[in-house]
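Position one of the sequence shown corresponds to residue 702 (the numbering used here), numbered consecutively onward. For glycine and all other residues, C-beta sits at the position ideal for the given N, C-alpha and C. To start, the structure under review is shown below, and the notes come after it.
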Amino acid sequence: MDWHSLNLSVGFKSGVIPRSESKQSLHIIIAKEGFLHKKGDRHWRPVNKTEMHWLDLETHSEHYLGHIDNISIYAHDIHSAPKNHEEYEFKSLWQLLNELDQSVFYLLGRAQQIVDWNRNHRFCGKCGVRTVASEFDRSRKCTTCKEAFYPRLSPSIIVLVHRGDDILLAKNVNSRGNFYSTLAGFVEPGETIEEAVHREVMEEVGIRIKNLKYFSSQPWPFPNSLMLGFHAEYDSGNLILQPEEIADAQWFHYTKLPNTPNQIAISGWLIADFIERMSQST
Ligand SMILES: [Zn+2]
Numbered sequence: 702m703d704w705h706s707l708n709l710s711v712g713f714k715s716g717v718i719p720r721s722e723s724k725q726s727l728h729i730i731i732a733k734e735g736f737l738h739k740k741g742d743r744h745w746r747p748v749n750k751t752e753m754h755w756l757d758l759e760t761h762s763e764h765y766l767g768h769i770d771n772i773s774i775y776a777h778d779i780h781s782a783p784k785n786h787e788e789y790e791f792k793s794l795w796q797l798l799n800e801l802d803q804s805v806f807y808l809l810g811r812a813q814q815i816v817d818w819n820r821n822h823r824f825c826g827k828c829g830v831r832t833v834a835s836e837f838d839r840s841r842k843c844t845t846c847k848e849a850f851y852p853r854l855s856p857s858i859i860v861l862v863h864r865g866d867d868i869l870l871a872k873n874v875n876s877r878g879n880f881y882s883t884l885a886g887f888v889e890p891g892e893t894i895e896e897a898v899h900r901e902v903m904e905e906v907g908i909r910i911k912n913l914k915y916f917s918s919q920p921w922p923f924p925n926s927l928m929l930g931f932h933a934e935y936d937s938g939n940l941i942l943q944p945e946e947i948a949d950a951q952w953f954h955y956t957k958l959p960n961t962p963n964q965i966a967i968s969g970w971l972i973a974d975f976i977e978r979m980s981q982s983t
């Protein structure tokens, strides 16, 4: 079985209950330090059953994620990196981000979020009693008050605002690295996604937008966002930056862009889509 020949984006079927007919399995090992990675491997890969046996890791929880070509895929939480396996190291999802295929990035994001959810809901947030994992779905249930806890997803909007040939890009005060990106923010309780787009743009840069068009979505597991991407057109107002969030924001001609996010992030897709459409129309 060659991991790198499996086409996850087509063949992966998610699930909660392991399939009894699957004989082979692959294992994603997660510690607080990140994902287990064999030193010298050019690309990250999960470990197989034999390696798993040989590694003899102390697993705190095990989660079936789904299968591909009758091969079961599991995530294992081992809490902390073991000291006695010098040929392996641990890499965070951030460290792996630029070297993973999109579908592997999504699988590792799924694994990370499920392990985090399991770690963070061992006790009931309502009455403090221990919870137990459900056998039927991805939930942990309180043994006393019966409250159920599911992995949390936080919907977020991300929007490329354009004015003619220009794109509005901003540098976030907390951004990693020196680059400009499209505007983004979390959806609030009681708000539609469209309202969130208008509000975030107004709050962060003080302008009105119009002609909102849905573009695409992307799971973004830092820690649990679901990004909903839009294009929008400038309507009115001058740029007034929110200093707690935005270090700088400017209009850039689509042929003269600063350093922008790469193609693994939806922000990069939005920018590439705009450039392509502008290039075709000239
Ligand atoms: Zn409870």
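Within-9 Å CB hit, residue i to chain B
| i | result |
| --- | --- |
| Q951 | This model lacks chain B altogether; it includes just one protein chain. |
Residue i classed as buried or exposed, judged by whether at least 16 other C-beta atoms fall within 10 angstroms
| i | result |
| --- | --- |
| Y775 | buried |
| N912 | exposed |
| Y765 | buried |
| W795 | exposed |
| H754 | exposed |
| Q813 | buried |
| L854 | exposed |
| Q964 | exposed |
| G865 | exposed |
| Q919 | buried |
Identity of the residues DSSP links to residue i by a beta bridge
| i | result |
| --- | --- |
| W921 | S926 |
| W952 | L869 |
| F837 | Answer by DSSP bridge pairing: none, since F837 is not bridged. |
| G767 | S715, I774 |
Chain-order list of residues whose beta-carbon lies under 6 Å from that of residue i (same chain, five-residue window excluded)
| i | result |
| --- | --- |
| S710 | S804 |
| W921 | M928 |
Straight-line Cα distance separating residue j from residue i
| i | j | result |
| --- | --- | --- |
| C843 | S980 | 56 Å |
| A973 | D802 | 18 Å |
| G741 | T751 | 19 Å |
| V898 | N799 | 28 Å |
| E901 | V830 | 38 Å |
| H768 | L797 | 22 Å |
| F953 | L869 | 6 Å |
| C680 | F791 | Within the shown structure, residues of the chain are numbered from 702 to 983, placing residue 680 beyond reach of any answer. |
| K739 | Y789 | 4 Å |
| L808 | I729 | 10 Å |
| A849 | P924 | 21 Å |
| F931 | V874 | 22 Å |
| C828 | M903 | 40 Å |
Contacting residues, own chain, Cβ-Cβ under 8 Å from residue i (five flanking each side not counted)
| i | result |
| --- | --- |
| W704 | L727, R746, P747 |
| S781 | A732, K733, E734 |
| K714 | G767, H768, I769 |
| E905 | A871, L884, G886, L942, Q943, E946, I947, A950 |
Spatial neighbours of residue i in its chain, beta-carbon cut-off 7 Å, leaving aside the 5 residues before and after
| i | result |
| --- | --- |
| D770 | L707, G712 |
Supposed close pair residue i, residue j - CB separation, criterion 8 Å
| i | j | result |
| --- | --- | --- |
| I772 | A732 | Not a contact, Cβ separation roughly 23 Å. |
| T961 | S882 | 7 Å |
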